[in-house]
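Letter 54 of the sequence shown, counting from 1, is numbered 59 in the working numbering, and no numbers are missing. Every residue, glycine too, gets a C-beta built ideally from N, C-alpha and C. Quantities reported herein were computed from a predicted structural model and do not represent experimental measurements.
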Amino acid sequence: TAALAGIVWVVQLVVYPSFRLVGGGPSWPAFHAAHTRAVALAVGPPWAVQGVTVAALLVRDGPSGLLLLTGALALATVVVTVAVSVPLHTRLGEAYDDAVARRLVTTNWLRTAAWTAGTVCAALLVGRAA
6 TAALAGIVWV VQLVVYPSFR LVGGGPSWPA FHAAHTRAVA LAVGPPWAVQ
56 GVTVAALLVR DGPSGLLLLT GALALATVVV TVAVSVPLHT RLGEAYDDAV
106 ARRLVTTNWL RTAAWTAGTV CAALLVGRAA
């Protein structure tokens, strides 16, 4: 969860705002395709670990308020990604549109908040187990 929070903060503050510097130019389609592939490789493994870990803890320890909140935050990142971010990236992959890029930055704050809060919850869970 902490790895995902770190990645999403870099994406939110550095990567997505830089889209405006490249967008609209002839290199945009190749840049966006490369970005999409690279980010998928970077977030895929820790995202899978996050999901498996939450599921395993639920099975092992049973539901608790903090663990359920951690799982809900993880699920929220999936929902926002599938329902909002992927469609916006699909549109940007077809052609750069500044309004779509701005919407991506704005809506990505939801994932940034969820992964950040999830990291706090995960740290509290680790602290309880120690």
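Practice prompt. Would you check if there are 3 or more beta carbon pairs closer than 8 Å linking the region 62 to 72 to the region 31 to 44?
Written response: Contact fails: fewer than three Cβ-Cβ distances are below 8 Å.
Worksheet item: Nearest to Tyr21 by alpha carbon, out of Ala122, Thr111, Leu130 and Ala60?
Response: For Tyr21, the closest of Ala122, Thr111, Leu130 and Ala60 by C-alpha to C-alpha distance is Thr111.
Worksheet item: At a Cβ threshold of 8 Å, is Val125 touching chain D?
Response: The structure shown has no chain D; it contains just one protein chain.
Fill in: Cβ-based neighbour list, Phe36, same chain, cut-off 7 Å, excluding 5 preceding and 5 following
Here the set comprises Val27.
Worksheet entry | CA-to-CA distance, Pro92 to Ala47, given in whole angstroms | Going by the C-alpha atoms only, they are around 19 Å apart.
Discussion item. Distance check for Gly98 and Cys126, CA to CA, integer angstroms please.
Written reply: So the alpha carbons of these two residues sit roughly 34 Å apart.
Worksheet item: How big is the Cα-Cα spacing for Leu74 and Trp120?
Response: Distance between the alpha carbons of Leu74 and Trp120 is about 12 Å.
Worksheet entry | Secondary structure of Gly29, DSSP reduced to three states | Three-state result, Gly29: coil.
Fill in: Limits of the alpha helix (DSSP H) - the one that Pro68 falls within
No alpha helix (DSSP H) holds Pro68; DSSP gives it neither H nor E.
Practice prompt. For my contact list, Arg25 and Asp103 are in at a C-beta cut-off of 8 Å; report their separation, rounded to the angstrom.
Written response: In this structure Arg25 is in contact with Asp103, their Cβ atoms being roughly 7 Å apart against a cut-off of 8 Å.
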